[in-house]
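Remarks on the structure that follows.
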Amino acid sequence: MAALQAALLLLFGLALAALAPSEQATLSRRLPLVHDHIAFSRSLRSLRYVPPPPKVTRAVPAKVDTFHLDQVLDHFNPVDKTTWKQRYFARTDLYEEGGPVFIYIGGEGAESTDTLDDGVLFMTYLAENFKAKLYDLEHRYYGGSHPTPDLSSANLQYLSADQALADLAYFIETLIEKGEIEKDQKVAVFGGSYPGNLAAWARIKYPHLVHAAVSSSAPVYAEADFIEYMQVVAKSLDKVAGTFCGENIKKATDRIVQLLKTTDGYEQVKETFQVGTDLKDKLDLDAFFETLSNPFAGAVQYNRDVPYSPYSIKYICSSMAGDNLTGDQAMEQLSALVLGSSKGTGQMFDWSYQSSVTSYQSTQYQGASKHRAAVRQWLYQTCTEFGYYQTFSGDGTPFPKAYNDLAYDYQLCKDIFGDAYDKAVVDGGVRRSNIVFGERHPDVTNVIFVNGDIDPWHALGILEDVSPQAPAAFVDGGSHCADMNYPDPDSDSASIIAVHDKVHKFLRSALYEVPSGGPADG
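Read in order, the letters of the sequence shown are residues -17 to -1, 1 to 505 in mature numbering (1 follows the signal peptide of the UniProt record, and there is no 0).
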């Protein structure tokens, strides 16, 4: 890992992964630091779902209201009575008596009224059919939901999937107490990416409150060394753009590694990528190579067949096109992609590891308009619960195995949050998540798991039916959360259409018993 406004801002941040460092620096009002967009790289590869702009406009806009819930700070400490204001959004104009309640689970970003607008989510399309009430619950610590005064390591102890799931349960109970959810009214939850995990886990943990769940692109299996991510990136580049893309990326990175072994070569690399800082420390090189991989990782995760888009594999790979390129030529093309309009200007940039660490160390909440609004919080969750570190350590990727390895991420956790957040904490959090939530084999019913083969995160998801009551659906050619978008007959693939139909039928079966076998939603 969303409200459309916040998602578009993150979308803007993702696009900056393909912009020049100078453009990024200007936007952030800082000195030109290439690692100003390391924050983008971490957001880029987070589990954030990025919905498209709405395509449906009604004469009378949808009425979506904003509310705040008195929420418990620590659900697992009975003597702590601290509460805070959790933001949520509601829409009732589609509702008819007897319809269900649909709740969109927020993730690592801000929510807004736009999420529940017409034409944004497949959930809204389903609500139109099932005549459902709609809610969107913002995740603690993200957007405008601030449980603590700041984001210090001590205060972030209340940021976890367990606390977020309890927030959801208390939210549903509050709606029941207020009469907004009636007795025996069915509740279905929806989530994509990390919230897709939460959707499935909510059904596991609170089945008396959550009757069905749609879990999209959810990496339910936690893993510290997530080598499969870059392996899927490599395969997806080959599948969509052609083998030339990965081959030329590898030529470029192999040439960089070779050049770094000599004094003259080192200077050539620095000049080509306009590096104004040292590039000799292992951590600096880890961050350097991670940055070089970002445009490709982002394009694969959010692949859309849209011209001139940083989310398009074909467009990004066009920057690496060419037959029989030399290593130097491939490296020049890679630098042009990363540097953008700053290429050849002579302006030098800070590529240091420390610059990215410093940017993550700010403990102040960033406004929804800030590109770092969610990075520190999400990094904390990776360090304490999930890992999900997309290293180059697996076989078959176009990036050098010697860099961006797991040691880099372990060090990042310590440098950002403190020495206590070491390898043992990361590994322990990963192990705990898998034990508590059942990894790829949860004992659950009334959950549908949807994934796409282009999306690197599918490697940690549930790809086969857990049981007849917990089916899986697979989108051929599907990128991250592509199935969550409002149906578009002009562009939806046959696979997307089939998966949408399967989700619709699943919900009809999970929410209603229909002895005649006819449709429960009319």
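We treat Cβ as the ideally placed atom computed from N, Cα and C, and that holds for glycine.
Among residues of its own chain, excluding the 5 on either side of residue i, which ones have a beta-carbon nearer than 7 Å to its beta-carbon?
{"i": "Y298", "result": "P290, Y291, S292"}
{"i": "T9", "result": "Note that T9 scores a pLDDT of 26, beneath 50, so its modelled location is shaky; the value from the coordinates is reported in the next line. Correct list: empty, nothing qualifies."}
{"i": "A304", "result": "F227"}
{"i": "K253", "result": "L262"}
{"i": "A455", "result": "F432, I445, L446, E447, D448"}
{"i": "Q344", "result": "I399"}
{"i": "L158", "result": "I164"}
{"i": "E423", "result": "Residue 423 is actually Arg in this sequence, not Glu. Counting only Cβ-Cβ distances below 7 Å, and skipping sequence neighbours, we find V203, Y204, I445."}
{"i": "C300", "result": "L220, A224, C228"}
{"i": "P383", "result": "T236, V240, F272, F375"}
{"i": "V17", "result": "The pLDDT assigned to V17 is 47, lower than 50, so where the model puts this residue is not dependable, and the model offers no usable value."}
{"i": "S476", "result": "G460"}
DSSP three-state label for residue i, please.
{"i": "H487", "result": "helix"}
{"i": "V433", "result": "strand"}
{"i": "W67", "result": "strand"}
{"i": "E94", "result": "coil"}
{"i": "D269", "result": "helix"}
{"i": "G460", "result": "coil"}
{"i": "Q332", "result": "In the sequence as displayed, the identity of residue 332 is Phe instead of Gln. Three-state DSSP puts F332 in a strand."}
{"i": "I187", "result": "helix"}
{"i": "Y469", "result": "coil"}
{"i": "R74", "result": "strand"}
{"i": "residue 513", "result": "Residue 513 lies beyond the residue range present for the chain, which begins at -17 and ends at 505; the question has no answer from this structure."}
{"i": "I155", "result": "helix"}
{"i": "E165", "result": "coil"}
{"i": "V258", "result": "strand"}
{"i": "L181", "result": "helix"}
{"i": "Y141", "result": "helix"}
{"i": "Y87", "result": "strand"}
Within a Cβ cutoff of 6 Å, which residues of the same chain sit near residue i, ignoring the five residues on either side of it in sequence?
{"i": "S199", "result": "G175, G179, V433, C464, D466, M467"}
{"i": "R70", "result": "H51, E121, G127, S128"}
{"i": "Y108", "result": "Y469, P470"}
{"i": "D53", "result": "T66"}
{"i": "Q(-13)", "result": "Interpretation of Q(-13) is limited by its pLDDT of 26, a score under 50 that renders its predicted location unreliable; the figure taken from the coordinates is listed afterwards. Hits under 6 Å: S95, D97."}
{"i": "Y404", "result": "C366, C396, K397"}
{"i": "G248", "result": "L242"}
{"i": "L192", "result": "A152, I155"}
Kindly list the residues whose CB is nearer than 8 Å to the CB of residue i, restricted to its own chain and excluding five residues on each side of it in sequence; keep chain order.
{"i": "L494", "result": "P83, F113, K169, A171, H194, A195, A503"}
{"i": "D306", "result": "F227"}
What span of residues does the beta strand (DSSP E) with residue i cover, start to end?
{"i": "D48", "result": "48 to 55"}
{"i": "S295", "result": "First-last for S295: undefined, no H or E at that position."}
{"i": "L120", "result": "116 to 120"}
{"i": "A196", "result": "195 to 199"}
Decide if residue i is buried, meaning its Cβ has at least 16 other Cβ atoms within 10 Å, or exposed.
{"i": "N387", "result": "buried"}
{"i": "A22", "result": "Model confidence at A22 stands at a pLDDT of 40, short of 50, so the residue's coordinates are unreliable and nothing is read from them."}
{"i": "V62", "result": "exposed"}
{"i": "E206", "result": "buried"}
{"i": "I164", "result": "buried"}
{"i": "K188", "result": "buried"}
{"i": "P15", "result": "Residue placement at P15 is poorly supported in this model, since its pLDDT is 41, which falls under 50; the coordinates still yield a value, given next. Per the 10 Å Cβ criterion, buried."}
{"i": "K234", "result": "buried"}
{"i": "P425", "result": "buried"}
{"i": "G102", "result": "buried"}
{"i": "S324", "result": "exposed"}
{"i": "S295", "result": "buried"}
{"i": "N60", "result": "exposed"}
{"i": "K488", "result": "exposed"}
{"i": "A(-16)", "result": "Residue placement at A(-16) is flagged as unreliable, the pLDDT there being 32, under the threshold of 50; a coordinate-derived value is accordingly withheld."}
For a quick check, are the C-beta atoms of residue i and residue j less than 7 Å apart?
{"i": "Q257", "j": "F332", "result": "yes"}
{"i": "G229", "j": "A217", "result": "yes"}
{"i": "S339", "j": "D267", "result": "no"}
{"i": "F209", "j": "Y78", "result": "no"}
{"i": "G460", "j": "S136", "result": "no"}
{"i": "R186", "j": "V358", "result": "no"}
{"i": "L148", "j": "W184", "result": "yes"}
{"i": "N231", "j": "L308", "result": "yes"}
{"i": "R123", "j": "P130", "result": "yes"}
{"i": "D100", "j": "A45", "result": "yes"}
{"i": "L139", "j": "Y363", "result": "yes"}
In terms of residue numbering, what span does the alpha helix (DSSP H) encompassing residue i cover?
{"i": "V223", "result": "210 to 223"}
{"i": "F420", "result": "406 to 420"}
{"i": "G81", "result": "Segment: none, G81 is in no alpha helix (DSSP H) and carries neither H nor E."}
{"i": "residue 560", "result": "Here the chain comprises residues numbered -17 to 505, so residue 560 is not present and cannot be evaluated."}
{"i": "Y371", "result": "It is not in any alpha helix (DSSP H) - Y371 instead sits in the beta strand (DSSP E) that spans 370 to 372."}
{"i": "V240", "result": "226 to 242"}
{"i": "S394", "result": "Reading the sequence as shown, one finds Gln at residue 394 and not Ser. Taken as a continuous stretch (DSSP letters only), the alpha helix (DSSP H) holding Q394 covers 389 to 400."}
{"i": "Q360", "result": "358 to 364"}
{"i": "F105", "result": "105 to 113"}
Please find out if some non-hydrogen atom of the ligand MN comes closer than 6 Å to the beta-carbon of residue i.
{"i": "C228", "result": "The ligand MN is absent from the structure shown, which contains no ligands of any kind."}
Is any beta-carbon of chain C found at less than 7 Å from that of residue i?
{"i": "S200", "result": "The structure shown contains no chain C; it holds only a single protein chain."}
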